[in-house]
Amino acid sequence: MLLRKTALVLALATAALLTSAATATAAPADSTPAAPTPLAAAAVNPVIVVGGLSGVAVAYEPIAARLRADGYRTFIYQLPGLGLGDIPTSARAFATYVEQVRANTGAATVDVVAHSEGGLVSRYYLKRLGGTATVGRYVSLGTPQYGTYVANIVAFLGLGSCAGIVACQQMTIGSAFLADLNAGDDTPGAVRYTTVRTLQDELVRPTGNAAVNDGATNVLIQAYCPLRVVGHLGLVLDGTAYTIVRGALVDGPVRPNCLAL
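What follows is the structure in structure tokens.
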């Protein structure tokens, strides 16, 4: 069973950079550069980068470094238990972390950039835990907002019902969790919602399930940059994907830089 669970985690999250990292519940440390760029003047909200399933904090340092270089006060939230457990429970822990960041920075609101399962955790926080009062912008990267067949076919691979991994069960298409999360308005509150997806996503299939309804800005990278190849983990590494994130954080138009490194 242990071997099966390990195989499943690797299949569901290619970000298996399993090195030691700070725990998600630790008091956040401000990483603002001493001399922020001019962009920071217009972007007053701290940014919380929310990791995905099996995504240790260090795996999100590349996108966090880009944000810091652009003058953002940036924090990385590693999901409790690497995101293997119940998503609403992870969302309640995330709510506590948001309050820690707000207390640490003095900011009334934060912006969220969430990868994969992290997008479900943070969207549950927004929709079911009153998070719309404390979040200004929500950007998801390769989040299975409406589920993924990758989770559904786990039984076909002989691993039973997601080998007992609760988050995997909740990310299957048609799960009770997703039915509840997606009932009613996908984009509650005054939060500005942006989703980013890629045709080469190995883990969110169909890729259209990474989009949400009700007024969100849903960006398919290849609709603007047809030759750009970006995988699931690549969404937090790719320069073009980052230009979309950066634009969303300043409420700008969708203008991806197809040549960005």
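Counting from 1, one number per residue, gives the positions in the sequence shown under my numbering. From the three backbone atoms N, C-alpha and C, an ideal C-beta is built for every residue, glycine too. Quick caveat, the model's predicted, so the values are computed rather than measured.
TODO: Give the straight-line distance between the Cα atoms of residue 164 and residue 115, rounded to the nearest whole angstrom.
DONE: 22 Å
TODO: Tell me whether residue 207 sits in a helix, a strand or coil according to DSSP, three-state version.
DONE: helix
Task: residue 197 beta carbon less than 8 Å from that of residue 130 - done: Contact: no.
- [ ] Output the distance between the C-alpha atoms of residue 85 and residue 124, rounded to the nearest integer angstrom.
- [x] Looking at the two C-alpha atoms, the distance is approximately 14 Å.
TODO: To the nearest angstrom, report how far apart residue 104 and residue 95 are at their CA atoms.
DONE: 14 Å
TODO: Closer than 6 Å by C-beta to residue 136: which residues in its own chain qualify, once you throw out the five before and the five after it? Chain order, please.
DONE: 45, 109 and 111
Open item on the list: Can you look up residue 118 in the DSSP assignment and give me helix, strand or coil?
Closed with: helix
Task: Cβ pair residue 49, residue 60 closer than 8 Å - done: yes
Task: As assigned by DSSP and simplified to three states, the class of residue 180 - done: helix
Open item on the list: Once the 5 residues before and after residue 152 are set aside, which same chain residues still bring their CB inside 7 Å of it?
Closed with: 172 and 173
Open item on the list: If I measure Cβ to Cβ from residue 244 and keep anything under 6 Å in the same chain, skipping five residues before and after, which residues do I get?
Closed with: 196, 219 and 256
TODO: Tell whether a beta-carbon distance below 8 Å holds between residue 194 and residue 215.
DONE: no
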